[in-house]
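Note that my numbering has the sequence shown beginning at 176, numbered continuously upward. Every residue gets a Cβ at the ideal spot worked out from N, C-alpha and C, and that includes glycine. Worksheet for the structure shown next.
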Amino acid sequence: MKFVFASYVYSEDFNRPGEWLRHIRFYGGILESLSKNNTVISIEQIDFEGDLVYNGVQYYFRRFSKLTRRFPFKLHYFIKKQQPDVVFIQGLHFPLQVIQLRLMLGKKVKIILQNHAEKPFTGVKKYLQKMADRCIDTYLFASRDMGLDWVKKGNLTSAEKIHEVMEVSSVFYPLERETARAHTGVESRLVFLWVGRLNENKDPLNVVKAFLQFVDSEPSATLYMIYHTTELLPQINTLLKNSANENAVKLIGQIPNDNLLYWYNSADYIISGSYYEGSGTAVCEAMSCGCVPIVTDIPTFRAITENGDCGLLYEAGNQGELLSALIQSQTMDKCEKRTRTLAWFNQNLSFDAIARKIDEIARAL
Numbered sequence: 176m177k178f179v180f181a182s183y184v185y186s187e188d189f190n191r192p193g194e195w196l197r198h199i200r201f202y203g204g205i206l207e208s209l210s211k212n213n214t215v216i217s218i219e220q221i222d223f224e225g226d227l228v229y230n231g232v233q234y235y236f237r238r239f240s241k242l243t244r245r246f247p248f249k250l251h252y253f254i255k256k257q258q259p260d261v262v263f264i265q266g267l268h269f270p271l272q273v274i275q276l277r278l279m280l281g282k283k284v285k286i287i288l289q290n291h292a293e294k295p296f297t298g299v300k301k302y303l304q305k306m307a308d309r310c311i312d313t314y315l316f317a318s319r320d321m322g323l324d325w326v327k328k329g330n331l332t333s334a335e336k337i338h339e340v341m342e343v344s345s346v347f348y349p350l351e352r353e354t355a356r357a358h359t360g361v362e363s364r365l366v367f368l369w370v371g372r373l374n375e376n377k378d379p380l381n382v383v384k385a386f387l388q389f390v391d392s393e394p395s396a397t398l399y400m401i402y403h404t405t406e407l408l409p410q411i412n413t414l415l416k417n418s419a420n421e422n423a424v425k426l427i428g429q430i431p432n433d434n435l436l437y438w439y440n441s442a443d444y445i446i447s448g449s450y451y452e453g454s455g456t457a458v459c460e461a462m463s464c465g466c467v468p469i470v471t472d473i474p475t476f477r478a479i480t481e482n483g484d485c486g487l488l489y490e491a492g493n494q495g496e497l498l499s500a501l502i503q504s505q506t507m508d509k510c511e512k513r514t515r516t517l518a519w520f521n522q523n524l525s526f527d528a529i530a531r532k533i534d535e536i537a538r539a540l
C-alpha cells in the first residue's frame, strides 16, 4: 500500500531537514517501520524546500503560503499527485481542511486522522468536526476511551471508527544500570524519576507531598525531577524547605534529550501526576528502558500500562492513593514488573508494534 502522511501545521523555526527529522524521531520511527512493507511518503512543512529519502521513507519538504492554510489547495493537489491508497493526517482540529481534502481525493482514497491530545471542539467548530466526520474513514487515539469521549460529546458519530494506537514511541532502550549511573551520578538504592513540565496539569505538588511522606518509611528512596518548564517550582521549593526529608527530592531541571537514556536506565520507577495526557511520551520512554510506571488512572495511562498491570495506577490529585501506591511498590516483585513492562512495550508501544497496527487497520478499511 502507499501511505502519504501530512499535517496542516507549519514549523517555521526549523530550516534543516536533518534537524527536523531528529526533532520528530519519536514519531518518524513509526513511518520507518511501516515502510518495510509499504511505500511511505511524508510531506513536511518547515522553512526548507527539497526531497530526501531517509531510512526507507520519502520525505518532501514544502513551503506552502500562510494565506492558503485554511484552503490548502496546493498541498491537497500535491497529495493527490502521489496517488496514495491511504492519507494519514496529524491532528483532529482541521475539519475544514479535511473536508476539502476529501473533495480533492474522491471517495476511493482512505483518510485516517491521528489524535495528538486535541480535545473536542464546541460551538460552530463542533459542527465542522461533525461534517468532517463524514469524510474520514478512521481515527487513531492513544486510548480508545479518549475517542469514545468524542463520540459521547457528539463530535464524532461512530465508535466503530475509533482505534487505539499510540501516537509516538521511544528511541531509548535498556542499558546496564552501572553504565547509566556512571553518566547520571545517581547513587541512591531506590530511585524514582519524574520527567515533565512543572504545571498544574502534571501536578508535581501532589507527587512531592506524597513522596516526602513515603520517605518516612523508605529513607533510602530518592525522587529525581527533570523538567523544562518551572511554573510551580517556587511552591515545590517551599515544600522542600519546610520538610525534614528535603534531601530526598533532587531538582535536576532541564537536560539534553539524549541524556534521558541514562536517567531512565538509572531509575527503578517513573512517576506521573497528570490529569490529562494525549500520549504520555515520557512514561512510554521510561517503560522502553524498564522503568515501572506509577501513574494516574487516566485513559492514556490505562492504555499504555495495560490497565496498570505493568505498574500501579492511582487517582489523579489523590495524595493518599499515591502514597499507598508508593508503599505498595516496595512489596511487588520489581524484577517481574520490569520484565512485564519491557515485554508490553515491545509488543504494543514500539515503533514496529505501532506500524503493524496502522498497517492492519488500513488494510481492513
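Discussion item. When you compare the CB positions of Asp378 and Tyr444, do they come within less than 8 Å of one another, or not?
Written reply: No; because the gap between Cβ atoms is not below 8 Å, this pair is not in contact.
Worksheet entry | Residue range of the beta strand (DSSP E) that includes Thr313 | Thr313 -> beta strand (DSSP E) spans Thr313 to Phe316.
Worksheet item: Could you give the distance in angstroms between the alpha-carbon of Ile221 and the alpha-carbon of Gln275?
Response: The C-alpha of Ile221 lies about 22 Å from the C-alpha of Gln275.
Practice prompt. Quickly, what does DSSP pair Val299 with across the bridge? List them, please.
Written response: Beta-bridge partners assigned by DSSP to Val299: none are found.
Discussion item. Using the Cβ count rule (16 or more neighbours within 10 Å means buried), how would you classify Ala334?
Written reply: Result: exposed.
Discussion item. Excluding the 5 residues flanking Leu386 on each side, which residues of the same chain have their C-beta closer than 6 Å to its C-beta?
Written reply: The sequence given here places Phe at residue 386; Leu does not occur at that position. Sequence-distant partners of Phe386 (beyond 5 residues in either direction) whose C-beta falls short of 6 Å from its own C-beta, in its chain, are Leu398.
Worksheet item: So which of Asn523, Met400 and Gly281 has the shortest CA-CA distance to Met341?
Response: Comparing Cα-Cα distances from Met341 to each of Asn523, Met400 and Gly281, the minimum goes to Asn523.
Worksheet entry | Sub-8 Å separation of Asn374 and Glu406 beta-carbons | Result yes, Cβ atoms of Asn374 and Glu406 sit closer than 8 Å.
Worksheet item: Is there a Cβ from chain B that is less than 8 Å from the Cβ of Ser418?
Response: In the structure shown, chain B does not exist; there is a single protein chain.
Discussion item. Suppose the cutoff is 7 Å on Cβ atoms and the five residues either side in sequence are ignored; what does the same chain contact list for Ser318 look like?
Written reply: Contacts found: Glu339, Pro474, Thr475, Arg477 and Ala478.
Item to complete: Using 10 angstroms around the beta-carbon of Thr506, count the other beta-carbons present and answer buried if the total reaches 16, otherwise exposed.
Response: The Cβ neighbour count for Thr506, taken over all protein chains shown within 10 Å, is under 16; the residue is labelled exposed.
Worksheet item: Counting pairs of Cβ atoms below 8 Å between the region 415-422 and the region 282-292, do you hit three or more?
Response: A contact between stretches requires three or more CB pairs, one per stretch, nearer than 8 Å, and the region 415-422 fails this requirement with the region 282-292.
Worksheet entry | Exposed unless 16 or more other CB atoms sit within 10 angstroms - verdict on Asp226 | Exposed, because fewer than 16 other Cβ atoms sit within 10 Å of the Cβ of Asp226.
Item to complete: Can you grab the Cα-Cα spacing for the pair Val383 / Leu501, in whole Å?
Response: Cα to Cα, the separation comes out at about 12 Å.
Fill in: Cβ shell of Tyr202 (< 6 Å), same chain only, five flanking positions each side left out
The residues are Val343.
Worksheet item: For Glu219, is the classification buried or exposed, using 16 other Cβ atoms within 10 angstroms of its Cβ as the cut-off for buried?
Response: Under this definition Glu219 is a buried residue.
Worksheet item: Along the chain, where does the alpha helix (DSSP H) that runs through Gln503 open and close?
Response: Counting along the chain, the alpha helix (DSSP H) containing Gln503 begins and ends at Gln494 to Gln503.
Worksheet item: Roughly how many angstroms lie between the CA atoms of Leu436 and Gln265, to the nearest whole one?
Response: Leu436 and Gln265 have their C-alpha atoms roughly 27 Å apart.
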